[in-house]
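Under the UniProt record's numbering, the first residue of the sequence shown carries the number 1, and numbering increases by one thereafter.
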Amino acid sequence: MRFTIQKDYLVRSVQDVMKAVSSRTTIPILTGIKVVATEEGVTLTGSDADISIESFIPVEDAGKEIVEIEQSGSIILQAKYFSEIVKKLPKETVEISVENHFMTKIKSGKSEFNLNGLDAAEYPLLPQIEEHHVFKIPTDLLKHMIRQTVFAVSSSETRP
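In structure tokens, the structure reads:
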């Protein structure tokens, strides 16, 4: 696997999926983020076995190239280290490549990091959502609706 990606898109997606990654889990592989590069773009997945978040970064957005895929593939990287590295990279583009035995190289400018990865085939599969049971709502509208109702949510388990 080898691809180059715009740093801001990568940071945003990593932050999104980190919300589902738990550092304390009985399944060690779930402490990682699954990174999958295909011809369409890059997918990041984080899970704690109860909640899973998947973020997709397309190759192009509004005519602007975001990701350049040189070789497709997948890897699982330790979420804690990967997120810290990505946030602190100096340049606007990040090159991620997987070498032998899941050794992952992350480069940006003159900075270069090596992370040991895991086989993505070991990561649990997310359930597939049937397309005919899906509805779409604009993000801003959903946020507004949540803000309008969140005051009624109980903060105590004893009083629902």
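Positions of the beta carbon are idealized from the N, C-alpha and C atoms, including for glycine.
This structure is a prediction, so every number in the text was calculated from the model and none was measured.
Here Lys107 has Glu95 as same chain residues with Cβ atoms under 6 Å from its own Cβ, once five neighbours each way along the sequence are excluded.
In the structure shown, Phe135 adopts coil according to DSSP, grouped into three states.
In the DSSP assignment, Ile85 falls within the unbroken alpha helix (DSSP H) covering 79–88. Counting only the Cα atoms, Lys7 lies some 13 Å from Val59. When DSSP states are grouped into helix, strand and coil, Pro28 belongs to the helix group.
The alpha-carbon of Ser47 is positioned some 31 Å away from that of Gly109.
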